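Chemist: Residue numbers (the UniProt record's numbering): 1 to 239.
We put the CB at the ideal spot given by N, CA and C, even for glycine.
Keep in mind the model is a prediction, meaning the values are calculated, not measured.
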């Protein structure tokens, strides 16, 4: 029998499509960058906003997913502007990172929450804006940094991404400022100055400074009339 040779099965290679979804920088600039609390504002909270905008600069629409991670210090977070073609969900439990009081509060050292949004079709020149909102309150830390992250995900076997930014971060620095009350310092300085002046006056009086000054003044006042009498010309004789 002659051996039979089996030809290999033909393989089909699907061409990958290049696309250009990217995070927009202007939206990142509109995020909250700095929050300042004074020590008197303990218990108050201020709103913090992290904005992300995704654009597709190619002519072909593509399906993508955007995953967000942010510290749970951003209380009551929400994603703004949902659309019918969106579907967002979050795990039932926060990401298993230990919560520690250290800066920065990014997802490598802080307890974070994760939200993923699937966009069925990212159209050309129709940017999507994602807004993470939350309220943060003053804590005992002197300074802390809250960092949120966003990442664009796609089907890598079908699409390639050669340009743009598929992962970005937004950082908010929360800092405590000390408010000093200068009134006690001013009052203390004034009282201290008066006490010092009284001590100097008492010391001068003890050493007879004022007595010598008074004696010299009296002697000077007594010498002036005698001197004026001696220097005045004698009266002319009567004729």
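Measuring only the C-alpha atoms, how far is residue 46 from residue 194?
Modeler: 46 Å
Chemist: For residue 167, which residues of its own chain have a beta-carbon under 6 Å away from its beta-carbon, when the five flanking residues on both sides are left out?
Modeler: 151
Chemist: DSSP three-state call for residue 127: helix, strand or coil?
Modeler: coil
Chemist: Give the DSSP-derived three-state secondary structure of residue 144 in the structure shown.
Modeler: strand
Chemist: Helix, strand or coil: which one does DSSP assign to residue 44?
Modeler: coil
Chemist: Given this structure, state the Cα-to-Cα distance separating residue 133 from residue 187, to the nearest angstrom.
Modeler: Cα to Cα, residue 133 sits roughly 46 Å from residue 187.
Chemist: With 16 as the cutoff for other CB atoms within 10 Å, does residue 54 come out buried or exposed?
Modeler: buried
Chemist: When you compare only the Cα positions, how much space is there between residue 58 and residue 171?
Modeler: 29 Å
Chemist: Specify the secondary structure class of residue 93 as computed by DSSP and reduced to three states.
Modeler: Unreliable placement is indicated for residue 93, whose pLDDT of 49 sits below 50; the coordinate value is still reported in the next sentence. Three-state DSSP puts residue 93 in coil, outside helix and strand.
Chemist: Alpha carbon to alpha carbon, how far is residue 64 from residue 156?
Modeler: 11 Å
Chemist: Under 6 Å Cβ to Cβ from residue 183, same chain only, skipping five residues before and after it: list those, please.
Modeler: none
Chemist: Could you tell me the boundaries of the alpha helix (DSSP H) in which residue 201 lies?
Modeler: 183-206
Chemist: Could you spell out the range, first to last residue, of the beta strand (DSSP E) harbouring residue 154?
Modeler: It is not in any beta strand (DSSP E) - residue 154 carries neither H nor E in the DSSP assignment.
Chemist: Report the CB separation of residue 67 from residue 114 in whole angstroms; it is logged as a contact under 8 Å.
Modeler: 7 Å
Chemist: From which residue to which residue does the beta strand (DSSP E) around residue 122 run?
Modeler: Counted as a single uninterrupted DSSP element, the beta strand (DSSP E) harbouring residue 122 occupies residues 112-122.
Chemist: Rounded C-beta distance between residue 309 and residue 38? I'm assuming under 8 Å.
Modeler: Nothing can be reported for residue 309, as the shown portion of the chain is limited to 1 through 239.
Chemist: Exposed or buried, what is residue 191 when buried is set at 16 or more other beta-carbons lying within 10 Å of its beta-carbon?
Modeler: With fewer than 16 Cβ atoms within 10 Å of its Cβ, residue 191 is classed as exposed.
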